[in-house]
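**Q** Okay, here's the structure, questions in a sec.
In the working numbering, the protein residues as written are 213 to 949.
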């Protein structure tokens with residue numbers, strides 16, 4: 213078989229199904245063509261079964277183990293029409309509850325109409341000997357469910373959407389899902405299916421939906437609000453929303469204004485003054501403001517004498533708190549809500565460790581959490597007490613009906629902890645903060661820890677900054693760099709950057725600058741450092757080294773750097789299976805990162821034999837198994853193993869190189885920071901400061917020194933539209949402000 217990229221078409225009858233993944237519809241089958249040849253076909257063919265007629269268009273590919281396979285890109289399917297084909301089809305077990313004997317009885321009774329009876333009049337099956345009415349209806353329901361899912365998957369696959377969407381659509385709309393999708397494909401935007409407007413717009417055009425149709429203009433407004441929420445904005449000014457939506461839709465602004473008013477009247481968009489919100493974000497911001505102010509005004513539960521315990525803890529830990537650290541401990545005792553901030557080397561970790569020890573000694577239950585797995589692990593190591601991600605601690609999932617987060621802990625079932633300490637609070641967006649606050653019991657204490665000078669959350673809001681700028685909550689900023697930390701040139705340089713001073717990099721200790729003028733030389737230097745120089749000269753394994761760059765694009769962006777570093781660190785090998793998804797090759801042993809929250813992915817923790825659901829944006833692990841025959845790979849995140857079907861690989865990226873935003877909340881033994889031209893919005897002080905503070909023991913800046921200087925001088929990134937600070941000011945009584 214000569215492999216080409218030229219499309220071909222084959223038609224015939226399914227002779228056998230060799231493999232089927234029920235979760236994503238991926239199928240390997242044997243197609244007997246009309247000419248009598250057998251073709252191995254792979255692709256999204258949910259519930260395919262022998263006897264079915266199909267026509268597939270696609271290209272030939274060579275599988276390492278299984279040889280030539282035809283990859284179906286588009287599929288036309290017809291259920292079997294003859295009695296013999298229907299009997300083969302039903303006897304295959306494709307319909308739950310129907311085996312060979314039952315299939316024979318049904319076909320004997322209804323002949324070529326068997327499938328019509330099964331789908332439209334299943335109660336008639338009860339006239340067949342051995343089939344009760346209950347079983348007949350169950351068979352009909354199973355076939356109807358299968359038919360809807362199959363048609364949904366076919367429709368989605370035909371328009372380039374992942375087939376997994378079909379399951380969520382079915383959960384939301386049941387048997388009406390396909391009809392609703394055809395009537396309004398823009399529901400894929402409104403319902404949070406992560407579909408791009410351009411992709412959905414192409415589907416709408418194919419379905420002859422007018423450019424000025426209400427559903428399209430309304431979808432354009434929602435798309436703009438969702439897009440800007442992903443850029444960190446909680447709301448958009450009305451004028452900006454109208455203008456950008458009109459540009460996206462290429463329609464008159466008047467049509468957009470009318471749609472906006474209509475959606476406001478229907479509560480699909482919340483208008484407050486000149487600000488326009490998605491309802492969930494409006495509710496989240498109002499809730500956070502209300503819950504914070506209520507908590508701040510609630511007298512904390514009494515703890516009894518604590519100064520003597522503090523002295524004992526200091527003695528046991530062989531340390532002496534300095535002035536602001538001691539003030540912070542007192543503030544935690546005296547306030548139900550307290551915020552502790554500070555840069556690297558200022559003693560935040562020591563202070564939190566003492567606070568944890570103190571509250572434990574006083575008999576209070578303390579829970580520790582952070583936004584990411586890496587941050588939680590570091591918190592555990594530094595405090596000596598187990599910490600979890602916020603999602604895992606609060607058992608957070610995604611509610612399809614609400615389109616937002618839900619937690620198993622809430623007002624009616626609050627978290628049992630007397631004290632909740634949240635680290636890396638700058639990473640917590642408005643919805644996650646809403647969920648965390650809503651999980652607290654009425655007399656609980658909340659301690660927020662973070663560095664307000666780092667980048668804000670990836671999600672909407674600027675929560676930590678808004679809380680601090682409100683000026684109404686108990687807070688302390690640690691500023692003194694302790695002697696041991698001051699010996700680190702990384703710490704000193706980070707504080708210089710934060711103060712607006714260009715750091716003095718002398719190529720000694722733990723901080724180095726390797727000047728490189730062009731991108732190709734930067735790439736060669738990074739490859740050499742990761743593969744050869746740092747492992748050989750400093751004993752650092754490649755997995756301890758993290759390349760961080762401001763941008764995804766360009767030769768020095770993550771996409772290209774990951775391809776280069778993968779080739780150097782984990783090259784192709786006969787003993788390492790791999791697979792291609794889009795433009796990315798995934799190989800056994802690769803370092804990868806989850807790039808979006810997936811609340812449905814199942815994981816197994818082999819350490820303590822537990823299981824659960826949920827893998828989250830920023831989780832990093834390694835590919836520890838890859839099975840092309842099953843079309844799955846397994847990623848191990850710390851101790852959790854997660855199996856991914858190949859169709860879900862759009863949720864994974866190689867992680868040899870990551871952006872500064874993706875590095876938030878993590879700390880690495882060695883960081884290589886790329887200092888080369890990038891989009892202006894990514895070259896600012898917060899980005900540089902955040903990147904530098906990710907390095908624990910070694911920071912090497914590779915590139916142009918003038919880029920570092922330019923980033924130091926540019927203080928602000930883009931402004932975020934949030935109103936949390938204003939809401940807090942409105943809610944706090946004047947005497948408390």
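Idealized CB from N, CA, C, for every residue including glycine.
Check whether the segment 296 to 307 and the segment 322 to 340 are in contact - that is, three or more C-beta pairs closer than 8 Å.
**A** Counting Cβ pairs under 8 Å, three or more are found: they touch.
**Q** In the DSSP assignment, the alpha helix (DSSP H) including residue 734 goes from what residue to what residue?
**A** Position 522 of the chain shown holds residue 734. Its alpha helix (DSSP H) spans residues 731 to 740.
**Q** Thinking residue 817 and residue 851 are a contact (beta carbons under 8 Å), I'd like their distance in whole angstroms, please.
**A** Looking up residue 817 in the chain shown gives position 605. Looking up residue 851 in the chain shown gives position 639. Correct: roughly 5 Å between the Cβ atoms.
**Q** Between which two residues does the alpha helix (DSSP H) containing residue 699 stretch?
**A** Locating residue 699 in the chain shown gives position 487, counting from the first residue. Taken as a continuous stretch (DSSP letters only), residue 699 belongs to no alpha helix (DSSP H), as it is neither H nor E.
**Q** For my contact list, residue 813 and residue 854 are in at a C-beta cut-off of 8 Å; report their separation, rounded to the angstrom.
**A** Here residue 813 is taken as the residue at index 601 of the chain shown, counted from 1. Here residue 854 is taken as the residue at index 642 of the chain shown, counted from 1. Going by Cβ atoms, the distance from residue 813 to residue 854 rounds to 6 Å, so yes, they are a contact pair.
**Q** Mark residue 345 as exposed unless 16 or more other C-beta atoms lie within 10 angstroms of its C-beta, in which case mark it buried.
**A** For the purposes of this step, residue 345 is taken as residue 133 along the chain shown, with counting starting at 1. It counts as exposed.
**Q** Quick one: is residue 513 buried, meaning 16 or more other Cβ sit within 10 Å of its Cβ, or exposed?
**A** One-based indexing of the chain shown puts residue 513 at position 301. Classification of residue 513: exposed, given that the 10 Å Cβ count is below 16.
**Q** Could you give the C-beta distance for residue 597 and residue 578, rounded to a whole number, given that I count them as a contact under 8 Å?
**A** On the chain shown, residue 597 is found 385 positions in, with the first residue counted as 1. On the chain shown, residue 578 is found 366 positions in, with the first residue counted as 1. Right, the Cβ-Cβ distance comes to about 7 Å (below 8 Å), so this counts as a contact.
**Q** Which residues in the same chain as residue 335 place their Cβ atom closer than 8 Å to its Cβ, once the five residues preceding and following it in sequence are excluded?
**A** Numbered from 1 along the chain shown, position 123 holds the residue referred to as residue 335. Only 345, 348, 349, 352 meet the Cβ criterion.
**Q** Should the segment 837 to 851 be called in touch with the segment 749 to 762, which here means at least 3 C-beta pairs below 8 Å?
**A** Flag = no, the segment 837 to 851 and the segment 749 to 762 do not touch.
**Q** Taking only runs that begin and end inside the segment 845 to 923, name each unbroken alpha helix (DSSP H) of 4 or more residues, in chain order.
**A** The segment 845 to 923 contains these whole alpha helix (DSSP H) runs: 872 to 875, 897 to 904.
**Q** Out of curiosity, what's the CA-to-CA distance linking residue 830 and residue 339?
**A** Taking the chain shown and counting its residues from 1, one reaches residue 830 at position 618. Taking the chain shown and counting its residues from 1, one reaches residue 339 at position 127. So the alpha carbons of these two residues sit roughly 57 Å apart.
**Q** When DSSP labels each residue in this structure, what does residue 176 get in the three-state scheme?
**A** This structure cannot speak to residue 176, because the chain is shown only from 213 to 949.
**Q** Below 7 Å CB to CB, which residues in the same chain sit around residue 400 once its five sequence neighbours on both sides are set aside?
**A** In the chain shown, counting from the first residue as 1, residue 400 sits at position 188. For residue 400, where only same-chain residues beyond five positions count, the Cβ hits under 7 Å are 407, 412.
**Q** With distances taken from CA atoms, which of 518, 443, 438, 500 is nearest residue 480?
**A** Your numbering for residue 480 matches position 268 in the chain shown. It is 438.
**Q** Skipping 5 residues on each side, what residues in its chain have a beta carbon closer than 6 Å to that of residue 949?
**A** By 1-based counting over the chain shown, the position of residue 949 is 737. Because the pLDDT at residue 949 is just 43, under 50, the model does not fix this residue reliably, and the value given afterwards should be weighed accordingly. So the qualifying residues of the chain are 684.
**Q** Here's a check: name, in chain order, each residue in its chain whose Cβ is nearer than 6 Å to the Cβ of residue 686, leaving out the five neighbours to either side.
**A** Within the chain shown, the letter at position 474 stands for residue 686. Excluding positions up to five away in sequence, the list reads 543, 547, 550.
**Q** Count the CB pairs spanning the segment 631 to 645 and the segment 530 to 539 that are closer than 8 Å, and state whether there are at least three.
**A** As far as the Cβ criterion goes, the segment 631 to 645 does not touch the segment 530 to 539, which means the pair count is below three.
**Q** Just checking, does the segment 732 to 739 make contact with the segment 930 to 941 on the three C-beta pairs under 8 Å criterion?
**A** Cβ pair count under 8 Å is below three, so no.
**Q** Out of 247, 317, 913, which one is the CA nearest neighbour of residue 716?
**A** The count along the chain shown starts at 1 and reaches residue 716 at position 504. Taking only the C-alpha atoms, the option nearest residue 716 is 913.
**Q** Using the C-alpha atoms, what's the distance from residue 809 back to residue 670?
**A** For the purposes of this step, residue 670 is taken as residue 458 along the chain shown, with counting starting at 1. For the purposes of this step, residue 809 is taken as residue 597 along the chain shown, with counting starting at 1. Spanning the two alpha carbons is a distance of roughly 12 Å.
**Q** Among the residues of its own chain, which have a CB less than 6 Å from the CB of residue 456, if the five just before and after it don't count?
**A** Taking the first residue of the chain shown as position 1, residue 456 is located at position 244. Once the five neighbours on either side are set aside, the close Cβ partners of residue 456 are 436.
**Q** Pair every Cβ in the segment 857 to 864 with every Cβ in the segment 872 to 891, then say whether three or more of these pairs are closer than 8 Å.
**A** Flag = no, the segment 857 to 864 and the segment 872 to 891 do not touch.
**Q** If I'm right that residue 238 touches residue 282 with Cβ under 8 Å, what's the distance once you round it to whole angstroms?
**A** In the chain shown, residue 238 corresponds to position 26, counting from 1. In the chain shown, residue 282 corresponds to position 70, counting from 1. Actually they are not in contact, since the Cβ atoms of residue 238 and residue 282 sit about 14 Å apart, beyond 8 Å.
**Q** Assuming the contact rule is C-beta atoms closer than 8 Å, residue 693 and residue 552 should be a hit. Round their C-beta distance to whole Å, please.
**A** The count along the chain shown starts at 1 and reaches residue 693 at position 481. The count along the chain shown starts at 1 and reaches residue 552 at position 340. Not quite, the Cβ-Cβ distance comes to about 16 Å (not below 8 Å), so this is no contact.
**Q** Exposed or buried, which one is residue 303 when buried takes at least 16 other CB atoms within 10 Å?
**A** As a first step, residue 303 is located in the chain shown; it is residue number 91 there, counting from the start. When all chains shown are included, residue 303 counts as buried.
**Q** Beta-carbon within less than 6 Å of residue 288's beta-carbon, same chain only, minus the 5 sequence neighbours each way: which residues are those?
**A** Here residue 288 corresponds to residue number 76 of the chain shown, with the count starting at 1. Correct list, in chain order: 267.
**Q** Assess contact between the segment 889 to 903 and the segment 774 to 782, defined as three or more Cβ pairs (one per stretch) separated by less than 8 Å. Is contact present?
**A** Short answer: they don't touch.
**Q** Return yes when the Cβ of residue 594 is within less than 9 Å of the Cβ of residue 632, no when it is not.
**A** Locating residue 632 in the chain shown gives position 420, where the first residue counts as 1. Locating residue 594 in the chain shown gives position 382, where the first residue counts as 1. Their beta carbons are not under 9 Å apart, which means residue 632 does not touch residue 594 by this criterion.
**Q** Under 8 Å, with one C-beta from each stretch per pair, do the segment 569 to 583 and the segment 515 to 522 reach the 3-pair mark?
**A** Touching, per the Cβ criterion.
**Q** Please classify residue 621 as buried or exposed, where buried requires at least 16 other C-beta atoms within 10 Å of its C-beta.
**A** As a working note, residue 621 is residue 409 in the chain shown. That one is buried.
**Q** Using 10 angstroms around the beta-carbon of residue 423, count the other beta-carbons present and answer buried if the total reaches 16, otherwise exposed.
**A** Counting from one through the chain shown, the residue named residue 423 turns up at place 211. Flag for residue 423 reads exposed.
**Q** Can you grab the Cα-Cα spacing for the pair residue 935 / residue 492, in whole Å?
**A** Mapped onto the chain shown, residue 935 falls at position 723. Mapped onto the chain shown, residue 492 falls at position 280. Roughly 14 Å separates the two Cα atoms.
**Q** For residue 341, does the count of other Cβ atoms within 10 angstroms reach 16, so buried, or fall short, so exposed?
**A** The residue you call residue 341 lines up with position 129 of the chain shown. Flag for residue 341 reads exposed.
**Q** Could you give the DSSP three-state label for residue 646: helix, strand or coil?
**A** For this step, residue 646 is matched to residue 434 along the chain shown. Helix at residue 646.
**Q** I need the boundaries of the alpha helix (DSSP H) containing residue 384, first residue and last residue.
**A** Residue numbering aside, residue 384 sits at position 172 when the chain shown is read from its first letter. First-last of the alpha helix (DSSP H) with residue 384: 377 to 385.
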